[in-house]
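Oh and the sequence shown: position 123 is 123 in the UniProt record's numbering, straight run, nothing missing.
Heads up, the beta-carbon is just placed ideally off N, CA and C, and yes, glycines get one too.
Here the structure is a predicted model, which is why all the values come from computation and not from measurement.
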Amino acid sequence: MTVSLEQLRRCHFAVDLGAARTRVYVKGAGLVVDQPSVAAVNTRTGGLIAVGEFAEKMTGRTPDYIRVVRPISGGTVVDIDMAQRMLRHLLGDKMRRALRRKPRLRAAACAPHDADPLAQRATIETLAGLGARRVELVDTLIAAAVGCGLPVERPEATMVLVCGAAATQVAVLSLGSIVTAERIPVGGEAVDRAIVQHLRHEHELMLPSQSVRPLQLALSGNGLTPHGPASTEIHGRDVATGLARSVRVDTAAVRDAIQTPLTAVLDAIGKVLRDCPPDLVADLADRGIMMVGGSALLPGFDQMLRQATGMPVHIAERPDVCAAQGLGAMLEGRIEPLVLNPLAA
């Protein structure tokens, strides 16, 4: 999955296929698509009804003949045909026509760290269906680090934590390459599931899928720390009666419920640091960890990492679009490669 900057500069557009959101960067036009990776299908006719934000609003609210699907899971395309149809509609006719006019259309795409060949092939075939004659794959960790402005090409350590919806990736980078990295199947969705299970077991309340994020925002202020609000009111459905019911939820108990998935992230950071050369770990004591990805915005997550690791923790300016912006910077030629020429004898 090693690709040169020269090859990336020949690409015409780049795609970040995330489990939660899909982003498309077109050379010269910037970020043209930033929509949820969701599609709604009519099961009777097979026709596509909606994609993106409108399809996401339909989740859990559709009649039997409409199915809401997510063709991407954990950064891997699990339904190539549906992913292609979703991308076509997200791009729109005008943008697709403009891309098709390019001679030998080239594309770039993010791929999770250590993605298996089958997952890489699925991403390539998805973009080939849009007319791309060649697809370059870039490690999500490198794209995200470039997108948030880290000096990845220097002989200094930089640590990036990509907090996605379905997976979390952490790596130490130096000289434009990954020194050591770890990927765990824990992300924002695992935090959501922990909250839903807690309310079901402790309050016998079934929480609608659209209500998980507002509950997380209720923890805002000081977020995962004990200084946040003591309680918040949540509406849902009673498990036994099926009737609508409201309960006051102790936010301290919710914080405890989501500690388990977040502890796995701490374990991954510890493993990466143990496998890292001591000289680079010394650099990180000053530079700290840069958090990117949509789940990096979970209130108080950065403070929890700061307390657990004793290292500085920073959140990127726009953590959710860092990977797409990083791909765009490489396409536009804004990143200068570090030239390591062999010394003359």
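Determine the DSSP secondary structure at M82, reduced to helix, strand or coil. Correct three-state label for M82: helix.
Going by C-alpha distance, which of V26, L262, G300 is nearest R188? According to the sequence displayed, residue 188 carries Gly and not Arg. It is L262.
Taking DSSP's pairing of strands, which residues face E233 in a bridge? R248
In the structure shown, what three-state DSSP assignment does V69 receive? Strand, per DSSP.
What's the gap between the Cα of D300 and the Cα of R100? One detail in the question is off: residue 300 reads as Gly in this sequence, not Asp. Using only the alpha carbons, I get a separation of about 45 Å.
Taking all protein chains shown into account, do 16 or more other C-beta atoms lie within 10 angstroms of the C-beta of L243, making it buried, or fewer, making it exposed? exposed
From the DSSP secondary-structure annotation, give me the bridge partner or partners of R21. P36
For E153, tell me which candidate among R255, V77, L5 has the shortest Cα-Cα distance. L5
Go ahead and pull the three-state DSSP assignment for V116. The identity of residue 116 in the sequence shown is Asp, whereas the question assumes Val. Residue state, collapsed to three classes: coil.
Report the three-state DSSP secondary structure of H314 (helix, strand or coil). strand
Is the beta carbon of Y25 closer than 7 Å to that of L327? In this structure, Y25 lies closer than 7 Å to L327 by Cβ.
Inspect the CB distances between the stretch 117-125 and the stretch 77-93 and report whether three or more fall short of 8 Å. Per the Cβ contact rule, the stretch 117-125 is in contact with the stretch 77-93 (3 or more Cβ pairs under 8 Å).
With distance defined between alpha-carbon atoms, name the residue in L207, P117, R96, G47 nearest to G60. Residue L207 is the option with its Cα nearest to G60.
Could you name the residues of the same chain whose beta carbon sits closer than 6 Å to that of residue 346, not counting the 5 residues immediately before and after it, in chain order? As shown, the chain starts at 1 and ends at 345. That puts residue 346 outside it, with no answer to give.
Same chain, Cβ closer than 6 Å to L199, neighbours up to 5 away in sequence not counted: L205, L207
Which residues does DSSP list as the beta-bridge partners of G30? Residue pairing by DSSP puts G30 in a beta bridge opposite V26.
Determine, using beta carbons only, whether T232 and V249 come nearer to each other than 7 Å. yes
Since L173 is in the beta strand (DSSP E), which residue starts that stretch and which ends it? 168-174 is the extent of the beta strand (DSSP E) around L173.
I'd like the list of long-range same chain contacts for L31, defined as Cβ closer than 8 Å, with 5 residues on each side in sequence excluded. R23, V24, Y25, V321, A324, Q325, G328
How should Q35 be labelled, buried or exposed, when 16 other C-beta atoms within 10 angstroms of its C-beta is the threshold for buried? buried
Measuring CA to CA, which of V68, V33, V292 is closest to L17? V33
Nearest-angstrom beta carbon gap, V265 and residue 346 [assumed within contact, 8 Å]: Given a span of 1 to 345 for the chain in the structure shown, any question on residue 346 remains unanswerable.
For H12 and K102, the rounded distance between their alpha carbons: 8 Å
Measuring straight from C-alpha to C-alpha, what distance separates H235 and A108? 43 Å
Using the Cα positions of R245 and D238, report the straight-line distance between them to the nearest angstrom. If you take the alpha carbons of R245 and D238, they lie about 6 Å apart.
Using the Cβ count rule (16 or more neighbours within 10 Å means buried), how would you classify R21? It counts as buried.
Assuming C148 is part of the alpha helix (DSSP H), what are its boundary residues? From DSSP, C148 is part of no alpha helix (DSSP H); its letter is neither H nor E.
Label T241 either buried or exposed according to how many other C-beta atoms from any shown protein chain fall within 10 Å of its C-beta, with 16 as the threshold for buried. exposed
For A145, which of V51, T309, I178 has the nearest alpha-carbon? I178
Got a sec, what are the start and stop residues for the alpha helix (DSSP H) E182 sits in? That residue, E182, is in no alpha helix (DSSP H); its beta strand (DSSP E) goes 177-184.
Could you give the C-beta distance for A167 and G74, rounded to a whole number, given that I count them as a contact under 8 Å? 5 Å
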